[in-house]
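This report concerns only the one structure given below.
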Amino acid sequence: MDLCRSKKDYLDLVDTLNHHAQKYYLLDDPEIADAEYDQLYQRLLTTEQKHPDWVTDVSPSQRVADEPLDAFTQVQHATPMLSLNNAFDEAAMTAFYQRLLKRLQQDGIAMDTLTFSAEPKFDGLALSLRYEHGRLAQGATRGDGQTGEDITHNVRTITSIPLQLAGEDLPDVLEIRGEVVMPKDGFKQYNQAAEQRGDKTFANPRNAAAGSLRQLDPKITAQRPLQFFAYGIGLSEPQGTFSSHSEILNWLKTLAIPVNDLCTTLSGLNACFEYYQTLIEKRDALNIDIDGAVFKVDDLTLQQSLGFITKAPRWAIAYKFPAEEATTIIENIDVQVGRTGSITPVARLKPVTVGGVTVTNATLHNEDEIKRKDVRIGDTVFVRRAGDVIPEIVKVVVQKRPENSQEFVMPSQCPVCGSELYKPEDEAVLRCPAGLSCDAQKKHSIKHFASRKAMDIDGLGDKLVDQLIDAGLIDTAADLYQLTESQISGLERMGQKSAQNLLNAITHSKKTTLPRFIYALGIREVGEATALTLANELKTLQAIQNIGRDELQQLPDIGPVVAQKIRVYFNNEANNKTIKALLDNGIHWPAIKSIDQDRLPLKDTIIVLTGKLSQLTRSEAKQGLQNLGAQVTGSVSKNTDYVVAGTDAGSKLSQAESLGVTVVDEDWLLKQLNSL
Ligand code: 9MJ
Numbered sequence: 306m307d308l309c310r311s312k313k314d315y316l317d318l319v320d321t322l323n324h325h326a327q328k329y330y331l332l333d334d335p336e337i338a339d340a341e342y343d344q345l346y347q348r349l350l351t352t353e354q355k356h357p358d359w360v361t362d363v364s365p366s367q368r369v370a371d372e373p374l375d376a377f378t379q380v381q382h383a384t385p386m387l388s389l390n391n392a393f394d395e396a397a398m399t400a401f402y403q404r405l406l407k408r409l410q411q412d413g414i415a416m417d418t419l420t421f422s423a424e425p426k427f428d429g430l431a432l433s434l435r436y437e438h439g440r441l442a443q444g445a446t447r448g449d450g451q452t453g454e455d456i457t458h459n460v461r462t463i464t465s466i467p468l469q470l471a472g473e474d475l476p477d478v479l480e481i482r483g484e485v486v487m488p489k490d491g492f493k494q495y496n497q498a499a500e501q502r503g504d505k506t507f508a509n510p511r512n513a514a515a516g517s518l519r520q521l522d523p524k525i526t527a528q529r530p531l532q533f534f535a536y537g538i539g540l541s542e543p544q545g546t547f548s549s550h551s552e553i554l555n556w557l558k559t560l561a562i563p564v565n566d567l568c569t570t571l572s573g574l575n576a577c578f579e580y581y582q583t584l585i586e587k588r589d590a591l592n593i594d595i596d597g598a599v600f601k602v603d604d605l606t607l608q609q610s611l612g613f614i615t616k617a618p619r620w621a622i623a624y625k626f627p628a629e630e631a632t633t634i635i636e637n638i639d640v641q642v643g644r645t646g647s648i649t650p651v652a653r654l655k656p657v658t659v660g661g662v663t664v665t666n667a668t669l670h671n672e673d674e675i676k677r678k679d680v681r682i683g684d685t686v687f688v689r690r691a692g693d694v695i696p697e698i699v700k701v702v703v704q705k706r707p708e709n710s711q712e713f714v715m716p717s718q719c720p721v722c723g724s725e726l727y728k729p730e731d732e733a734v735l736r737c738p739a740g741l742s743c744d745a746q747k748k749h750s751i752k753h754f755a756s757r758k759a760m761d762i763d764g765l766g767d768k769l770v771d772q773l774i775d776a777g778l779i780d781t782a783a784d785l786y787q788l789t790e791s792q793i794s795g796l797e798r799m800g801q802k803s804a805q806n807l808l809n810a811i812t813h814s815k816k817t818t819l820p821r822f823i824y825a826l827g828i829r830e831v832g833e834a835t836a837l838t839l840a841n842e843l844k845t846l847q848a849i850q851n852i853g854r855d856e857l858q859q860l861p862d863i864g865p866v867v868a869q870k871i872r873v874y875f876n877n878e879a880n881n882k883t884i885k886a887l888l889d890n891g892i893h894w895p896a897i898k899s900i901d902q903d904r905l906p907l908k909d910t911i912i913v914l915t916g917k918l919s920q921l922t923r924s925e926a927k928q929g930l931q932n933l934g935a936q937v938t939g940s941v942s943k944n945t946d947y948v949v950a951g952t953d954a955g956s957k958l959s960q961a962e963s964l965g966v967t968v969v970d971e972d973w974l975l976k977q978l979n980s981l
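Here the sequence shown stands for residues 306 to 981, numbered as in our numbering.
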């Protein structure tokens with residue numbers, strides 16, 4: 306390998322590598338392939354070995370120090386690291402806005418609309434970065450706001466934090482304030498790996514971020530997936546000529562400092578409420594935890610006029626999302642039978658409001674989980690409800706355990722059909738072996754069959770399926786197609802008109818597609834994506850029914866477990882009988898045509914999907930596009946050919962627009978998918 310011949314060559318190589326790292330980590334828009342980067346990096350390492358006196362601390366090889374620290378040292382912040390005042394409801398947010406207008410008026414500034422920098426409130430650990438002449442000189446925690454802990458050695462390992470700022474005319478000293486977070490996917494992976502090693506897991510991404518930064522050995526921090534988002538500056542010498550907070554954030558972006566895409570500016574109180582609502586809706590889909598919206602008066606002159614109260618600025622507020630955790634009491638524990646016979650213990654709770662919704666049940670997952678958390682009837686517990694997921698018990702408040710608390714014993718028989726339960730060797734859950742002869746599983750399977758992504762029978766909700774089965778009107782999904790108006794209108798809360806509507810929806814569902822039909826069957830481990838693969842690869846139901854286990858494993862993304870479940874399903878006589886009855890009742894779909902792989906219409910096209918689609922699900926769209934030869938990726942770069950934007954598309958749409966990538970809508974997508 307050729308070495309750098311001069312120190313100048315070496316320093317240029319450091320700049321080149323830093324530039325590519327920034328393109329990769331910050332902008333998600335690499336200019337060179339990973340292998341090329343690795344080659345340059347090797348050249349750097351070899352040069353550094355040969356010329357240790359050339360090594361600069363902004364070299365990417367210098368992110369992780371060799372020696373752990375003995376202890377953290379204290380650092381004085383150049384200006385205090387402030388905290389934020391909170392608003393927990395609309396009234397408090399409105400009061401904040403009115404207070405601002407009134408104060409400004411008292412200062413002789415009459416305004417009727419205020420402009421804010423609107424930012425997500427990151428739920429991580431506050432960090433101050435000090436750059437001297439463009440070089441990262443120090444990273445420090447908030448501490449008490451005046452003095453924090455020096456965690457420079459750990460901060461240097463965070464790849465999205467530049468060791469050297471980009472651009473010219475850099476200030477002599479710049480202190481940047483922001484938050485370090487652990488992305489949700491990295492947090493999950495970390496916890497899974499930690500559990501396998503038998504190491505301590507973290508309760509949430511916030512604790513994981515904090516715990517990772519509070520390490521004396523930077524080698525540990527370097528292995529943790531951390532990210533930084535800046536939300537302001539503490540000091541710039543010389544002072545910049547900025548007139549607004551948003552200008553500062555935009556400037557930071559030009560220095561290669563990460564600023565979150567959801568940061569924006571807006572005017573007026575209503576726009577604040579809209580922003581807050583949009584963040585709540587996006588919250589679950591985001592890969593980082595946020596716990597509110599932050600609104601900061603954008604104009605720096607107005608900020609100055611408003612000033613501070615003790616430790617928080619008067620010109621900013623954190624409008625927090627409704628709490629996702631609350632405490633309540635477990636009144637009882639019983640078990641539920643799932644679609645595939647899984648027996649899940651469920652805690653019946655004293656009703657409590659969590660995240661704005663009344664919660665009365667929480668899943669306890671399985672017996673091991675109850676033991677691990679030592680959950681007993683009568684216990685006071687923390688309940689967590691995040692987004693649409695089923696509420697969970699986080700932990701027991703052991704100090705509040707009453708004397709008469711009761712341990713829960715799992716039943717040995719199915720609570721619905723009475724069958725003896727069993728525990729498969731490689732699973733943590735108990736199962737009912739009765740399959741579709743267990744009423745609970747029967748109900749689930751028909752609810753699944755009728756669901757939107759399956760046969761999409763409008764109006765056939767859970768309660769109605771329960772009634773139809775309890776009344777003995779149906780036994781399998783095929784029986785739905787034999788129902789009569791008088792049978793349905795005789796049910797609770799069903800008149801003649803709603804009965805007719807339901808019959809129409811049932812008839813309408815007869816015309817379907819093969820992937821939907823396969824998905825609707827409810828074969829274990831066969832979700833939408835696998836159903837699509839089976840349909841597209843094998844073309845006919847008959848071929849899917851007859852294919853052997855080994856051939857199944859040759860198909861994309863089908864492993865031994867899925868292959869086995871598919872075989873078990875089609876080896877079952879009752880299942881085949883139901884399928885035949887469904888077809889005899891007129892369920893049909895258009896034939897799937899064979900196509901020449903080399904002449905696929907979207908061959909070598911790179912597509913990104915964003916926003917909500919109305920006619921099909923994300924995975925249907927993805928699989929459909931892949932079948933046309935397209936590559937569907939997660940992030941927009943200048944190599945992207947099309948961005949398909951559904952409704953409420955967010956940052957990917959704006960990225961596409963700024964990169965000049967062609968943006969198309971759902972109609973375009975449907976046209977492509979129907980083109981074969
Ligand atoms: C967080 N935690 O996301 C501030 N913050 O501004 C944002 N915190 C802040 N801004 C001044 N977005 C003090 C703290």
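A virtual CB, placed ideally from N, CA and C, is assigned to each residue, including glycine.
- Exposure label - residue 879; buried when at least 16 CB within 10 Å: Exposed.
- Could you tell me the boundaries of the beta strand (DSSP E) in which residue 596 lies? Where residue 596 is concerned, the enclosing beta strand (DSSP E) starts and stops at 595-602.
- Query: Smallest Cα separation from residue 611: which of 414, 380, 825 and 856?
  - Reply: The shortest C-alpha separation from residue 611 is found at 414.
- Item | residue 621 in three-state terms, based on DSSP | Residue state, collapsed to three classes: strand.
- Note down, one range per segment and in chain order, each alpha helix (DSSP H) of at least 4 residues found wholly within the stretch 829-891. Correct list: 833-843, 846-851, 854-858, 865-876 and 878-889.
- Message: My output table needs one value for residue 784: the three-state DSSP class, helix, strand or coil.
- Response: Of the three classes helix, strand and coil, the one that applies to residue 784 here is helix, per DSSP.
- Message: Helix, strand or coil, according to DSSP, for residue 464 in the structure here?
- Response: In this structure, residue 464 counts as coil in the three-state DSSP scheme.
- CA nearest to the CA of residue 570, picked from 556, 904 and 603: The shortest Cα separation from residue 570 among 556, 904 and 603 belongs to 603.
- By DSSP, does residue 455 sit in helix, in strand, or in coil? It is a strand residue.
- Query: Should the stretch 485-495 be called in touch with the stretch 397-405, which here means at least 3 C-beta pairs below 8 Å?
  - Reply: Flag = no, the stretch 485-495 and the stretch 397-405 do not touch.
- Query: Where does the unbroken beta strand (DSSP E) through residue 947 begin, and where does it stop?
  - Reply: DSSP places residue 947 inside the beta strand (DSSP E), whose first and last residues are 947-950.
- Item | Whether residue 425 touches residue 584 by CB criterion (7 Å) | It is a contact, given that the beta carbons lie within the stated cut-off.
- Check whether the stretch 905-915 touches the stretch 863-874, taking contact to mean three or more Cβ pairs, one atom from each stretch, closer than 8 Å. Judged by Cβ distances under 8 Å, the stretch 905-915 makes no contact with the stretch 863-874, as fewer than three pairs qualify.
- Item | In DSSP terms, what residue 642 is bridged to | In the DSSP output, where bridge partners are listed per residue, residue 642 has 648.
- Item | Extent of the continuous beta strand (DSSP E) to which residue 482 belongs | Where residue 482 is concerned, the enclosing beta strand (DSSP E) starts and stops at 478-486.
- Message: For residue 486 and residue 430, what's the separation of their Cα atoms in angstroms?
- Response: Going from the Cα of residue 486 to the Cα of residue 430 covers about 7 Å.
- Item | Local Cβ density within 10 Å of residue 783, reported as buried at 16 or more and exposed below that | So residue 783 ends up on the buried side.
- Message: Any heavy atom of the ligand 9MJ inside 6 Å of the beta-carbon of residue 387?
- Response: Yes, the beta carbon of residue 387 sits closer than 6 Å to at least one heavy atom of the ligand 9MJ.
- Per DSSP, which one or two residues make a beta bridge with residue 444? Bridge partners of residue 444: 434.
- Query: So which of 605, 753 and 635 has the shortest CA-CA distance to residue 705?
  - Reply: Comparing C-alpha distances from residue 705 to each of 605, 753 and 635 shows the shortest one belongs to 635.
- According to DSSP, is residue 337 helix, strand or coil? Three-state DSSP puts residue 337 in coil, outside helix and strand.
- Query: Looking only at its own chain, which residues have a Cβ that is under 7 Å from the Cβ of residue 772, when we skip the five neighbours before and after it?
  - Reply: If the five residues before and after residue 772 are omitted, its C-beta is found closer than 7 Å to the C-beta atoms of 796 and 797, all from its own chain and listed in chain order.
- Message: Residues in the same chain with beta-carbon distance under 6 Å from residue 550, minus the five sequence neighbours each way, listed in chain order, please.
- Response: Counting only Cβ-Cβ distances below 6 Å, and skipping sequence neighbours, we find 422, 601 and 603.
- Task: Examine the ligand 9MJ and report whether any of its heavy atoms sits within less than 6 Å of the Cβ of residue 427.
- Result: Residue 427 Cβ: within cutoff of the ligand 9MJ.
- Of the choices 623, 318 and 470, whose alpha-carbon is the least far from that of residue 580? Shortest Cα-Cα distance from residue 580 to any of 623, 318 and 470 involves 623.
- Got a sec, what are the start and stop residues for the beta strand (DSSP E) residue 523 sits in? Looking at the DSSP string, residue 523 is not in any beta strand (DSSP E); the run it does join, the alpha helix (DSSP H), is 523-527.
- Task: Label residue 940 either buried or exposed according to how many other C-beta atoms from any shown protein chain fall within 10 Å of its C-beta, with 16 as the threshold for buried.
- Result: By the 10 Å Cβ count, residue 940 comes out exposed.
- From the DSSP output, in three-state form, read off residue 578 for me. DSSP places residue 578 in helix when its eight states are reduced to three.
- On the premise that residue 665 lies in contact with residue 654, defined as a C-beta separation below 8 Å, what is that separation, rounded to the nearest angstrom? Contact between residue 654 and residue 665 holds: CB atoms are separated by about 5 Å, below the 8 Å threshold.
- Task: Output yes or no for whether 7 Å exceeds the beta carbon distance between residue 987 and residue 337.
- Result: Any answer about residue 987 is impossible in this case: the structure gives the chain only from 306 up to 981.
- Paired residues, beta bridge with residue 377 - DSSP: Residue 377 pairs with nothing; no bridge assigned.
- Message: Quick check on the DSSP output: the beta strand (DSSP E) that includes residue 922 runs from which residue to which?
- Response: Segment: none, residue 922 is in no beta strand (DSSP E) and carries neither H nor E.
- Query: In its own chain, which residues sit with a C-beta less than 6 Å from the C-beta of residue 661, not counting the 5 before and 5 after it?
  - Reply: Apart from sequence neighbours up to five positions away, the residues of its chain that approach residue 661 with a beta-carbon distance below 6 Å are 627, ordered along the chain.
- residue 938 (DSSP reduced to helix, strand or coil): Strand, per DSSP.
- Message: At the level of alpha carbons, what is the spacing between residue 496 and residue 770?
- Response: Taking the straight line from one Cα to the other gives about 39 Å.
- Which listed residue (759, 312 and 339) has its alpha carbon closest to that of residue 828: Taking only the C-alpha atoms, the option nearest residue 828 is 759.
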